[in-house]
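Chains as they are written, first to last, in the working numbering: chain A, 1071 to 1393; chain B, 1071 to 1393. The beta-carbon is built from N, C-alpha and C at its ideal position, and this holds for glycine as well. All figures in this text were calculated on a predicted structure; none of them were measured in a lab. Heads up: the structure comes next, in structure tokens.
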């Protein structure tokens, strides 16, 4: 089952069940938005799957692609991991920082009061902040009680999403050195239009990992196509880590961190900082800069059949209005 | 004006306007909860102040003290600073870490999907995690646009609250060393029953600081009475820091960090870790441990007249149910 959220003027938008080909959608009268549905998922899933069968049989309206928002335009919690060791290794080179020694998943708490829609222009105040994209996968949870083990956590993963975790690199290292994590360096993320149940991924959902290529274009040029399979921890392990000392509210999103592969020389990467590290390894210094106002980024996760299951993130970086 | 939230079985509770003596409360039909009211504060404030005048004239019901929740039982964002230099200095000794060199406020993003009520027992999984309290002040904001300057930020501070930022010290240093900030070491906070408009604090609201003694009792014994005036940055400056690269959603809470004073030998402190650092300074090693199951903590902010303007946090640490 694929779900999307249409802009209807409300903060949480209008939940739609989407046809398999992504061209039609239908709203369910009982479930106004995804935040409400994920809060009572065992009931909502039954209703939404019945509607999904109707949509498959031809019900629904043409999907208003330009009015789609993030599946969850806001939620109660966003915890982002850094689960790809290749990403961690390359960022250490890009940032000129020491190797992080830690026997648990790396994870930070980010802002969850706003997620940009898939085609929404994204405003930044200053190009000098080092505007970078980070292509990731994420999972949406129902309520997870404190102390849930990884083996049980897999059943709390209700939906899978594709995320662009916008990052401001010039602000990142000073914040990281405080040990307090990122506030200024991590503004709101963007999310691809379709949230899908894990079964939609078929064999590509394995060991709590999204084993799909994440294809990234910067200014319409191919930039990377790393695969999600190389996570050092599966999403169920990330959920257990997050829930070790707290309940996780229904609607919590857990991110994978930037998708990266050991054969980066072949597949490229999912953020500019990594690419700069690859240049440092190859020639001693980075040559590419970060994003400029007017730049675009496109991200989509391709199935082996060439099908973008989450739809596409396609965004333009713009200058924030001066205050 | 003082506001509280009564448990009515809903996630956000029922907003009450509270009498000046804290004994009576009344609900407004238009504003079911504080999260809704803060989202449209210019309208809500007019309605709630009219009701406040009625309550002052005798309207309302006896306040159900045991059923009061946090003023905001959940909200969209919680950003906690560490604005007291004395706290930062003592924590460096307690943790055995290096001095943090940073020319901006220290701030991390914490969980905001749950705030414990003022008398709610607080469950933890393991005493070995180093259960500690942190007495703080905080402010509740309406919507703050990205790039708002400190001079303008002061007008976005609509309410002031008193917070216990529960912390798990054994988990804190390893997480801090990753640079990613705290996830496992920072479970949900508790909040005192009354959120107050800044004018309720009179002269004690100065330079964006709550210039009141925060009186802390651990197991009914006096532990600290540090004053909120020694913040290195005022709340308006903390808001501007937080809003540098993001909008802040209405309902965002910004925390001061643990209240601490340079004359700690005289006034004590607002968390156990600081007290351990004070012992290290005095005698080379800490003698006190952290909280045990069954321990209690009480916190209230006293006006010069001996009046606890936010009411009291009074909580018992309990063992979380085994899973």
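Is residue 1343/B near the ligand ZN, in the sense that its beta carbon is under 8 Å from a heavy atom of that ligand? Judged by which ligands are present, the structure shown has none, so any question about the ligand ZN falls away.
According to DSSP, simplified to helix, strand and coil, what is residue 1348/B? Here residue 1348/B sits in helix by DSSP.
Output yes or no for whether 9 Å exceeds the beta carbon distance between residue 1260/B and residue 1140/B. Yes; because the gap between Cβ atoms is below 9 Å, this pair is in contact.
Residues near residue 1270/A in its chain [Cβ-Cβ closer than 7 Å; skip 5 each side]: So the qualifying residues of the chain are 1071, 1072, 1379.
Beta strand (DSSP E) runs wholly inside the region 1201 to 1225 of chain A, at least 3 long, in chain order: Those beta strand (DSSP E) runs which fall completely within the region 1201 to 1225 of chain A and span 3+ residues are 1205 to 1211.
State the DSSP-derived secondary structure class of residue 1276/B, mapped to helix, strand or coil. The answer is strand: DSSP assigns residue 1276/B an E or B state.
In this structure, does DSSP put residue 1366/A in helix, strand or coil? The answer is strand: DSSP assigns residue 1366/A an E or B state.
Could you tell me the boundaries of the alpha helix (DSSP H) in which residue 1112/A lies? Per DSSP, residue 1112/A belongs to the alpha helix (DSSP H) from 1111 to 1126.
Does residue 1179/B come within less than 9 Å of chain A when only Cβ atoms are used? Output row for residue 1179/B: interface = yes.
Does any C-beta atom of chain A lie closer than 9 Å to the C-beta of residue 1323/B? Chain A, which has no Cβ nearer than 9 Å to the Cβ of residue 1323/B, makes this no.
Nearest neighbour of residue 1329/A, chosen from 1083/A, 1131/A, 1154/A [CA to CA]: Taking only the C-alpha atoms, the option nearest residue 1329/A is 1154/A.
Rounded C-beta distance between residue 1178/B and residue 1252/B? I'm assuming under 8 Å. Taking the Cβ atoms as the reference, residue 1178/B lies roughly 6 Å from residue 1252/B, within the contact range of under 8 Å.
Taking only beta carbons into account, state which residues of the region 1151 to 1180 of chain B come closer than 7 Å to chain A, listed in chain order. Listed by position, the residues of the region 1151 to 1180 of chain B near chain A (Cβ gap below 7 Å) are 1170, 1172, 1176, 1177, 1178, 1179, 1180.
Verify the CB distance criterion: does residue 1226/B have a CB-CB separation below 9 Å to chain A? Not closer than 9 Å to any Cβ of chain A, the Cβ of residue 1226/B fails to qualify, so no.
Are the CB atoms of residue 1385/B and residue 1188/B nearer to each other than 9 Å? Yes, the pair counts as a contact, with Cβ atoms nearer than the cut-off.
With a cut-off of 9 Å, does the C-beta of residue 1122/B fall near any C-beta of chain A? Closer than 9 Å: no.
Output the distance between the C-alpha atoms of residue 1277/B and residue 1302/B, rounded to the nearest integer angstrom. If you draw a straight line from the Cα of residue 1277/B to the Cα of residue 1302/B, it is about 11 Å long.
C-alpha gap between residue 1131/A and residue 1081/B, whole angstroms: Their Cα atoms are separated by approximately 34 Å.
Whole-angstrom C-beta distance between residue 1237/B and residue 1204/B, which should lie under 8 Å: Between the beta-carbon of residue 1204/B and that of residue 1237/B there is about 6 Å, and that keeps the pair under the 8 Å contact cut.
When we look at the beta-carbon of residue 1357/B and count the other beta-carbons within 10 Å, is it buried (16 or more) or exposed? Residue 1357/B is classed as exposed because its beta carbon has fewer than 16 other beta carbons within 10 Å across all chains shown.
What first and last residue would you give for the beta strand (DSSP E) that runs through residue 1177/A? Here the beta strand (DSSP E) through residue 1177/A covers 1177 to 1180.
Could you tell me how far apart the beta carbons of residue 1321/A and residue 1166/A are, in whole angstroms, since I believe they sit closer than 8 Å? Rounded, the Cβ-Cβ distance is 37 Å, inconsistent with contact.
When 1343/B, 1362/B, 1151/B are compared against residue 1233/B, the one with the closest alpha-carbon: That would be 1151/B, whose Cα lies nearest to the Cα of residue 1233/B.
Using a Cβ-Cβ cut-off of 6 Å (strictly less than) and excluding sequence neighbours within five positions of residue 1101/B, which residues of its own chain qualify? Result list for residue 1101/B: 1085, 1107, 1114, in chain order.
Mind pulling the chain B residues with CB within less than 9 Å of residue 1254/A? Annotation: Cβ neighbours of residue 1254/A in chain B (cutoff 9 Å, chain order): 1174, 1177, 1311, 1312, 1314, 1315, 1316.
From which residue to which residue does the alpha helix (DSSP H) around residue 1244/A run? Per DSSP, residue 1244/A belongs to the alpha helix (DSSP H) from 1239 to 1248.
In angstroms, rounded to a whole number, what distance separates the CA positions of residue 1208/B and residue 1168/B? Rounded to the nearest angstrom, the two C-alpha atoms are 27 Å apart.
Per DSSP, residue 1260/B is paired with what? Looking at the DSSP output, residue 1260/B shares a beta bridge with 1186/B, 1234/B.
Taking the continuous alpha helix (DSSP H) assigned at residue 1156/A, which residues delimit it? Boundaries of the alpha helix (DSSP H) harbouring residue 1156/A: 1155 to 1165, taken from the DSSP string.
Top-ranked residue by Cα proximity to residue 1196/B, from 1316/A, 1390/A, 1339/A: Of the listed residues, the one whose Cα sits closest to residue 1196/B is 1316/A.
I want to verify the contact list: residues of chain B whose CB lies under 7 Å from the CB of residue 1390/A, in sequence order. Those within 7 Å of residue 1390/A in chain B are 1216, 1217.
Give the residues of chain B in contact with residue 1101/A, contact being defined as C-beta atoms less than 8 Å apart. Under a criterion of Cβ atoms nearer than 8 Å, no residue of chain B is adjacent to residue 1101/A; the nearest Cβ is some 17 Å distant.
Look at the alpha carbon of residue 1339/A and the alpha carbon of residue 1367/A, and state the distance between them as a whole number of angstroms. Cα-Cα distance, rounded: 13 Å.
Would you call residue 1355/A buried or exposed, if buried means 16 or more other Cβ atoms sit within 10 Å of its Cβ? Result: exposed.
In chain C, which residues lie less than 8 Å from residue 1149/A when you measure between Cβ atoms? Reference to chain C is not applicable here, since the protein chains of this structure are A and B.
Partner residues on chain A for residue 1238/B, Cβ-Cβ distance less than 9 Å: When 9 Å is used as the limit between beta carbons, residue 1238/B is near these residues of chain A: 1315, in chain order.
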